[in-house]
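Inspection log for the structure reproduced underneath, given as structure tokens.
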Amino acid sequence: MVNKFPYDRPRIGQIELSKFLYTNLREDVVAIVSAPTGFGKTISILYASRALVDEGRFDKVFYVVRTRNELDPVIRDGRKVGMRFSILYSIARMCPLARGKNISSDGFWAVCSLLRIKGLCEYYRRTRSLDIPQIFSSISSSRDHTDFADRLSKEIGVCPYFTSLELLDYVDLYVATYPYIFKESIKSWIFSDRDFSQTLLVIDEAHNILNIGSLMGESISIDVLDRAIRELEELSLDTDTLDFLKNLTSIKVDDVGKGYTFIGRDRVGLDKGVADRLMEIAIEASLEMFREHNDIDNVEDLDLSIYRVAKFVKSAVNNHFEIFVSRERPKGLTIHTLPIDFDVVREIIEQFPSAILMSGTSPDKSFIEKGVGIKKHIEVVDVEEYGARNYLRENAVAIMFTGATTSYRERTERMFKTYSKLIETLYRVHRGGVIMVIYPSYEVMNSIVSLISSDIEMVIESLKPLSQIIDEIARKEKVVVNTVAGGRLAEGIELTVNGESLIKTVVVVGVPYPQPDDYIEFIKRDLQKKGYIYTEYYRDLAIMRVLQAVGRAIRSEKDYALIVLADRRYRQKKLLEKIKLNIKAVTDSINTIEKIVSSLNQ
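Residue 496 in the UniProt record's numbering sits at position 496 of the sequence shown; the count goes up by one each step and never skips.
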């Protein structure tokens, strides 16, 4: 690596990580990188990647992040190391015509397709004759993902989305959000004809590979299916396809148990022919809609359900996926298409010659080798071995509460009352800020929350837009935030002011093992078939959820927090070894916890 590291004062371990990757990354290598929050792994990886691309070991880096906000650090550090970059996220958010309009993503896709086909989108029309040097001159100083799209549409007058797709052949660094590589309905359409045989793959927050149902699954409610049926009936199109949709909606609520219930493609008559025909019908319906409304300014309130259903069904025809149903509300059902084995992850990684899987809670080497089935050589590095600081361990006071458990056999009213009393006590001695309570399931959360005193200020996870929930939390001086492990609030939010976390206490109620259901049985069979010990996966998934949840409180060296592991099962040696928190006290007494917290306040 001939170029100087772009920061004058690198953190301990950053240069060592770059050297490790530069030395070890070659064809048929997967590097698993463990780096705690606040380490600065992005710059280390891009510094090494720039050298690898310059030397010709790879033609470019394909870097995927979970959300569009996580694009911004990669943009910043990509600029720092001098890489030519492009980014890709939601087409509706990149489009200058859709900005500020209340249009569904599926309604937007339909209109966008028709505007392009009819030659009515001036931004897309200009994309056909791109001035590549002019484009890089404009986007190279982009501050963030929004600024990137604005520069393309306002300065150059081209479609940001389709220009970004064209730039894939010209960049050193291509940054995209998860769906473009992990969602079958999107990946197969966008990148099906792309050659990645010389490209280095980087997966940020790679712990999400453990939870492939959430990562790669698609969902659709019965309500959307009902609307799609009405759209088909109004258009008088295709009775066979109509019968297929009616089969999906014929599932009875009483037939659905807890979690995911297996339905299967065969039962509902799904095959590739049905999926292809549904997409044809969706396009026909889009044409009909366009004849009535003519342009994007007149479609704000439209939602083309048949288009959404067509995309959902497209992912379900993959042989690695099956159809399940869950009960989201007392009378509401949701249909899911979920991956039933980890071969789908293996196939993605094997499209690339080499990959970096990085996280603060990276999956084990044995899981990647056996569970996922990766045949490449695997290198493992933990930056703490270089002396990197782990602020979660240094700045968190961890207490284990052994006076309760959410183990299935002990879920009683008395146990729920114990947990509600613990939460009330922590709230009353809390000086201010957010107390985040993480539950193993919605059932447990609802049972405990219903017993908490009404004078406790609370926010409960809901289907509201995430921005609204965050605003509601930020307005309160002291509040209990109730969420489920693995949910949007447990892993998907940053609650900070001036770089400091608002979360001062995290209570993990129970051990968030995946609940037993039909879907977990499929995953279990897949892992057993490959010779991987299923109970290790079960435990690792729970530990990942715990660490991701408690990590919300410690985002930098400035943050300090109290962590309460509230379940006697945390005494198990294998759980403690992997969680790696410094446990300051173990007690079954809520009064003792109250005294500890009071002393910390002084």
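Glycine included, every Cβ here is placed at the ideal spot set by N, Cα and C.
Query raised in the report: Between the Cα of Val586 and the Cα atoms of Ile520, Thr505, Thr402 and Leu338, which residue gives the shortest distance?
Result: Thr402
Query raised in the report: Buried or exposed: which applies to His336, given that a residue is buried once 16 or more other Cβ atoms fall within 10 Å of its Cβ?
Result: buried
**Report entry** Limits of the unbroken alpha helix (DSSP H) element including Tyr63
**Finding:** Membership of Tyr63 in any alpha helix (DSSP H) is not indicated; the residue belongs instead to the beta strand (DSSP E) covering Lys60 to Val65.
Requested in this report: Could you have a look at Gly403 and say whether DSSP puts it in helix, strand or coil?
Outcome: coil
Query raised in the report: Could you check where the beta strand (DSSP E) with Gly433 kicks off and where it finishes?
Result: Gly433 to Tyr439
Query - Inside the segment 443 to 500 only - alpha helix (DSSP H) runs reaching at least 4 residues - result: 466 to 474 and 488 to 491
Query raised in the report: Counting pairs of beta carbons, one from the segment 495 to 513 and one from the segment 549 to 559, are three or more of them closer than 8 Å?
Result: yes
Requested in this report: Identify, in the order they occur along the chain, each residue of the same chain with its Cβ nearer than 6 Å to the Cβ of Phe108, setting aside the five sequence neighbours on each side.
Outcome: Ala92 and Ala98
Requested in this report: Please work out which residues of its chain come closer than 7 Å, Cβ to Cβ, to Lys421, disregarding the five sequence neighbours upstream and downstream, and give them in chain order.
Outcome: Ile590
Query raised in the report: Taking Cβ to Cβ, would you say Ile306 is nearer than 7 Å to Ala282?
Result: yes
Query raised in the report: When burial is assigned at 16 or more other CB atoms within 10 Å of the CB, is Val507 buried or exposed?
Result: buried
Report task. Report back the beta-carbon spacing between Leu527 and Tyr534 to the nearest angstrom; my notes put them in contact at under 8 Å. Result -> 5 Å
**Report entry** the segment 417 to 435 / the segment 453 to 460 touching (three or more Cβ pairs under 8 Å)
**Finding:** Because the criterion of three Cβ pairs below 8 Å is met, the segment 417 to 435 and the segment 453 to 460 touch.
Query raised in the report: Which ranges does the alpha helix (DSSP H) cover as unbroken runs of at least 4 residues, wholly within the segment 323 to 354, from first to last along the chain?
Result: 343 to 349
Query raised in the report: Whose C-alpha, out of Leu225, Leu168 and Gly217, is nearest the C-alpha of Thr199?
Result: Leu168
Query raised in the report: According to the Cβ coordinates, are Val81 and Arg50 closer than 7 Å?
Result: The answer is yes: Cβ separation under 7 Å.
Query raised in the report: What residue does the alpha helix (DSSP H) around Glu233 start on, and which one ends it?
Result: Ile222 to Leu235
**Report entry** Beta-carbon spacing of Ser18, Tyr63 below 7 Å
**Finding:** no
Requested in this report: Keeping to the same chain, check which residues put their C-beta closer than 7 Å to that of Ile378; ignore five residues upstream and five downstream.
Outcome: Val30, Ile32, Lys365, Ile368 and Glu369
**Report entry** Extent of the continuous alpha helix (DSSP H) run through Ile212
**Finding:** Secondary structure note for Ile212: its alpha helix (DSSP H) is the uninterrupted segment Ile212 to Met216.
Report task. Please name the residue, chosen from Met83, Glu122 and Phe324, that lies closest to Val256 on a Cα-to-Cα basis. Result -> Phe324
Query raised in the report: Comparing alpha-carbon positions, which option in Leu232, Lys252 and Lys574 lies nearest Phe244?
Result: For the residues Leu232, Lys252 and Lys574, the minimum Cα distance to Phe244 belongs to Leu232.
Report task. Tell me whether Ser315 is buried or exposed, calling it buried when 16 or more other Cβ atoms sit within 10 Å of its Cβ. Result -> buried
Report task. Mind reading off the beta-carbon distance from Ser598 to Ala553? Whole number of angstroms is fine, and I expect it under 8 Å. Result -> So it is not a contact: roughly 19 Å between Cβ atoms.
**Report entry** Cβ neighbour criterion (16 or more within 10 Å) applied to Glu322
**Finding:** buried
Query - Opposing strand residues paired with Met358 [DSSP bridges] - result: Beta-bridge partners of Met358 (DSSP): Val33.
Query raised in the report: Residue range of the beta strand (DSSP E) that Glu577 falls in?
Result: No beta strand (DSSP E) holds Glu577; the alpha helix (DSSP H) holding it covers Lys573 to Ile579.
Query raised in the report: Buried or exposed: where does Asp204 fall if 16 or more other Cβ atoms within 10 Å of its Cβ makes it buried?
Result: With 16 or more Cβ atoms within 10 Å of its Cβ, Asp204 is classed as buried.
Query raised in the report: How many Å lie between Leu52 and Ser197 at the Cα?
Result: Across the structure, Leu52 and Ser197 are spaced so that their CA atoms are roughly 15 Å apart.
Query raised in the report: Just the Cα atoms here: how many angstroms apart are Lys478 and Gln572?
Result: In a straight line, the C-alpha of Lys478 is about 33 Å away from that of Gln572.
Report task. For Ala35, collect the residues of the same chain with a Cβ closer than 6 Å to its Cβ; drop the 5 residues on either side in sequence, then sort them by chain order. Result -> Same-chain partners within the cutoff: Lys41 and Val383.
Query - Same chain only: Cβ atoms within 6 Å of Tyr260, ignoring 5 sequence neighbours per side - result: Around Tyr260: Phe324, Ser326, Asp517, Asp518 and Tyr519.
Query raised in the report: Can you find a heavy atom of the ligand NAD that lies under 6 Å from the Cβ of Ile520?
Result: The ligand NAD is absent from the structure shown, which contains no ligand whatsoever.
Query raised in the report: If we ignore side chains and look at the alpha-carbon of each, how far apart do Tyr391 and Arg409 end up?
Result: 36 Å
Query raised in the report: Is the distance from the Cβ of Val175 to the Cβ of Ile87 below 7 Å?
Result: yes
Query raised in the report: How about Ile139 and Arg151: are their beta carbons less than 7 Å apart?
Result: yes
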